[in-house]
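Heads up, the thing below is written out as structure tokens.
There are 2 protein chains.
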Amino acid sequence: MARIVMKFGGTSVANVERIKTVARHVAREVAAGHEVAVIVSAMAGKTNELVAWTRETAVLHDAREYDTVVASAEQVTTGLLAIALQEIGVSARSWQGWQVPIETDDAHGTARIRAIDGKVLIERLKEGQVAVISGFQGVAPSGRITTMGRGGSDTSAVAVAAALHADRCDIYTDVDGVYTTDPRIVAKARRLDRISYEEMLEMASLGAKVLQTRSVELAMNHHVKVMVRSSFAEPESLAPALSANEGRIGTLVCDEDEIVEQQIVSGIAYSKDEAKITLLKVEDKPGVAARVFGPLAESNINVDMIVQNVSDDGRYTDMTFTVPVADYERAEKVISAAKADIGYKELRGSTNIVKISVIGVGMRSHAGVAAKMFRALADKGINILAITTSEIKVSILIDAAYTELAVRTLHSLYGLDKN
Amino acid sequence: MARIVMKFGGTSVANVERIKTVARHVAREVAAGHEVAVIVSAMAGKTNELVAWTRETAVLHDAREYDTVVASAEQVTTGLLAIALQEIGVSARSWQGWQVPIETDDAHGTARIRAIDGKVLIERLKEGQVAVISGFQGVAPSGRITTMGRGGSDTSAVAVAAALHADRCDIYTDVDGVYTTDPRIVAKARRLDRISYEEMLEMASLGAKVLQTRSVELAMNHHVKVMVRSSFAEPESLAPALSANEGRIGTLVCDEDEIVEQQIVSGIAYSKDEAKITLLKVEDKPGVAARVFGPLAESNINVDMIVQNVSDDGRYTDMTFTVPVADYERAEKVISAAKADIGYKELRGSTNIVKISVIGVGMRSHAGVAAKMFRALADKGINILAITTSEIKVSILIDAAYTELAVRTLHSLYGLDKN
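Those protein sequence lines, which keep their order, are chains A and B. In this text, residue positions in the first sequence follow the working numbering: the first is 1, and each later residue adds one. In this text, residue positions in the second sequence follow the working numbering: the first is 1, and each later residue adds one.
What follows is the structure in structure tokens.
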């Protein structure tokens, strides 16, 4: 017997039929003798409808009222799932953020959890009652409803798992685990049995949308074991959590030292969400970087990769950097407006690029991962536009046309292809 | 300066456009210097959608979870209206039942208000902030969300008005007041400037759907003055509450002694929601009424009018009574099942009837109101099937085909036609 937290996102509870399937997933774990808390999101599409109404009412709206409106959607799901569970003979009740309570700060719309008092919930779990908890929401010190920003339900789930001292937090999603790369691009992509928190963090921040970045950080800090499983599998086809053969389906996100056979590289991620801006013939004098990136920071535009070359005559430099594609036009305007102050000859931009990343904690102890990568891509005639590295990651920028070729090449190169 | 409560139902807040109109109604009262609390229902159709989901999930569902699901709809309206008010420069915040708190008993789905602590709300009102409160919902002693049954928002409004010691409770609806009778039947129907609680209660229980019965009882008990006004009028076309000329539109429901020129009859109501059952040749012996009405009461069927005639030979009696048309088939079955025990020859039923009621507190001091009524209907050849009377009401049952003729005849008879 163990205590587990199960989390189901919007597509998993999109309608009553899907909610009934979720109830069967929960019933399977209860039948295995587990104490279960379930975190649910809004039914798919409902949050968008509510957000649209707040915008229709006023473009600039009070974040506290926005939270009041939007949090109502999770409330609906909890009630319906509790009913669905009772209908198949599983004792259950719904809990809203303010009822638990899940205490957050007062940053409405992007609230962070401060404390969860798990005492009452644990009592109920011990009595055999399933707790169905609204994800994404909490209560501020003022007593008002807060929400944690889109995707916050993963974070709720991990935080509740930590508060309940749960043995595991199972995130049910529309994929059955974390893959070595996108299976739509590489047919030979393998599902990973295990992945470390650090690697998962890099994957998450690089657009592998399996888990929300913040939830992985939280899991890492509190040593909460997270399992990614499929909510679309027939509930009775999955083995209950922590049983001998449960590993057949799912990826466990855990501490590095719990992964016995660590690969040098665990996965290849790619992101088309970046745009490239190159400033030609920037005067190469002190403070130029500040003059370029200061205005961007003031406009809340995140700059990711930065490359600077000195040009032939030594007086000028070319500068290339990337911004989120959604901010591309805004970034162009900001830079153009500062042209006189920066002093550059020409701005060239492109959204037709991709960032490809090789991720693996094994890089820490293995030299030459990057060199091997550059050589393999050169062999295929792929030009690298920019490079950044971290302790467990090498990212490169290339022309988007080469995305598939580069991902497949690297996937083979590091021995990730499945047999 | 006064303190007023304004209540807007589902059709008044059906979409964002309508909610913005409601905000203008509120702004008008704030501009007049009033402290304002607003009670809102769910956007029209939303409650039905949520109820349908609970039924789709399980036919017999936990009333506590039903309440959790359904109460979410009012929450959305409060947030949107608060945003709409802020957008036009009116300070406002939303309040859910548990935040006020509006304490109810634990009869989920049909909860009754036990106490409202108005202290915090009054503080905020005094600071000039409009309180936008979810109608229809409260919080049980267990801390769970309760709802008060369909139409409960009127009751919420009156209860909040009592708790806030409000000078008036204005119920905005899709009509501009209470009429002497249904204007769709009698073109000469007049809007009443004032009506007494007692008369309004009779009107409400007879199917004039302007106010919910319970809300009128509550208003009467707490001496809350209630004004029925139109939410569909241009907000700026209405005079603010309690101003000299506000009476132009709306009907005030108040104590009898606040109505100076009391008419003998205030209104004519009719209800097609009744069905008639006649039992022919019931043996006329002690206890027969108990044998007929006992089984109906056990089946939760409300019997309204009862008429009993002794037949020619004195051994048998004919018995006629009415039940809600929705319970008609069930009532027939209950009586048929008890046929041997009751001992009657034949059951004849009809749904093709109407109950017409003449209402007025003036009847208390004026004799002959009923006699005048019977004579006028007889002159038109209308046969009366049953009669019941109360202190301020005479109700008759007639063939539904004569509905319009009877209502028009009585409307003229008691001088209610407008000039």
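Using N, Cα and C, we set each Cβ at its ideal position, and we do this for glycine too. Just so you know, these numbers come straight off a predicted model, no measurement behind them.
Amino acids of chain D, ordered along the chain, whose beta-carbon sits closer than 7 Å to that of residue i
i      : result
H61(A) : Among the chains of the structure shown, chain D does not appear; the protein chains present are A and B.
Test item: CB-CB of residue i and residue j under 8 Å
i       : j       : result
S94(B)  : T78(B)  : yes
L242(A) : T54(B)  : no
S196(A) : C254(A) : yes
L164(A) : R28(A)  : no
A331(B) : V325(B) : no
M1(A)   : G33(A)  : yes
I306(A) : F321(A) : yes
I83(B)  : A63(A)  : no
S72(A)  : S41(B)  : no
A269(A) : S357(A) : yes
T409(A) : L377(A) : yes
I359(B) : G267(B) : yes
S153(B) : Q96(B)  : no
K355(A) : S230(A) : no
D313(B) : T251(B) : no
I392(B) : V361(B) : yes
V70(B)  : T11(B)  : no
R190(B) : T180(B) : yes
T104(A) : V139(A) : yes
V26(A)  : V36(A)  : yes
A157(A) : I39(A)  : yes
D304(A) : E274(A) : yes
I122(A) : A159(A) : no
E346(A) : Y316(A) : no
V334(B) : L296(B) : yes
Q99(A)  : G143(B) : yes
L85(A)  : V130(A) : yes
T213(B) : A204(B) : yes
I382(B) : A400(B) : no
V51(B)  : L50(A)  : no
From the options, residue whose alpha carbon lies closest to that of residue i
i       : options                               : result
S237(B) : V40(B), K345(B), D318(B) and R24(B)   : R24(B)
I398(A) : N419(A), M373(A), E298(A) and G415(A) : M373(A)
D106(B) : I145(B), A84(B), Q96(B) and V100(B)   : I145(B)
V265(B) : R18(B), S412(B), G97(B) and D62(B)    : S412(B)
H223(A) : A131(A), A162(A), A371(A) and T155(A) : A162(A)
V210(B) : M227(B), Q129(B), Q99(B) and L125(B)  : M227(B)
G45(A)  : S156(A), E74(A), E246(A) and D170(A)  : E74(A)
L60(B)  : G89(A), E65(A) and L60(A)             : G89(A)
A31(B)  : P240(B), L218(B) and P295(B)          : P240(B)
Y172(B) : D67(B), P235(B) and H366(B)           : P235(B)
E198(A) : A52(A), F293(A) and E217(A)           : E217(A)
Q308(B) : I102(B), S299(B) and K285(B)          : K285(B)
N221(B) : I259(B), V260(B), V175(B) and T155(B) : T155(B)
A166(B) : V175(B), G294(B) and L125(B)          : L125(B)
Enclosing beta strand (DSSP E) for residue i [first to last residue]
i       : result
P324(B) : Y316 to P324
F8(A)   : R3 to F8
S350(B) : E346 to S350
R194(B) : R194 to S196
V132(B) : V130 to S134
V139(A) : Q137 to V139
V228(B) : V226 to S230
Limits of the alpha helix (DSSP H) - the one that residue i falls within
i       : result
M363(A) : Element bounds for M363(A): n/a, residue is neither H nor E.
R420(A) : Residue 420(A) is absent from the model: chain A starts at 1 and stops at 419.
M220(B) : T213 to H222
M373(B) : V369 to D379
I335(B) : Y328 to A337
R124(B) : K119 to K126
Contact test: residue i Cβ vs the ligand MN heavy atom, cutoff 7 Å
i       : result
V288(A) : No copy of the ligand MN appears in this structure; indeed no ligand is present at all.
request  = Could you say if the segment 272-282 of chain B and the segment 339-358 of chain B meet the contact criterion of at least three C-beta pairs nearer than 8 Å?
outcome  = Contact holds between the segment 272-282 of chain B and the segment 339-358 of chain B, because three or more Cβ pairs, one in each stretch, are under 8 Å apart.
request  = Please confirm if the segment 338-347 of chain A is in contact with the segment 176-190 of chain A, defined as three or more CB-CB distances below 8 Å between the two stretches.
outcome  = Contact check between the segment 338-347 of chain A and the segment 176-190 of chain A: fewer than three CB pairs, one atom from each, fall below 8 Å, which does not count as touching.
request  = Scan the segment 20-84 of chain A and note each continuous alpha helix (DSSP H) run of 4 residues or more that stays entirely inside, going in chain order.
outcome  = Qualifying alpha helix (DSSP H) stretches, in chain order: 46-57.
query = At a cut of 8 Å, does the segment 9-22 of chain A reach the segment 102-117 of chain A through at least three beta carbon pairs?
reply = Because the criterion of three Cβ pairs below 8 Å is not met, the segment 9-22 of chain A and the segment 102-117 of chain A do not touch.
key: Residue ranges of each alpha helix (DSSP H) within the segment 146-184 of chain A, 4 or longer   = Residue ranges of uninterrupted alpha helix (DSSP H) with 4 or more members, entirely inside the segment 146-184 of chain A and ordered along the chain, are 152-163.
message = List, from N- to C-terminal side, the alpha helix (DSSP H) runs of 4 residues or more that fit wholly inside the segment 391-418 of chain A.
response = Correct list: 403-413.
key: Start-end ranges of the alpha helix (DSSP H) lying completely within the segment 247-300 of chain A, minimum 4 residues   = As summarised for the segment 247-300 of chain A, the continuous alpha helix (DSSP H) elements at least 4 residues long and confined to that stretch are 288-298, given in chain order.
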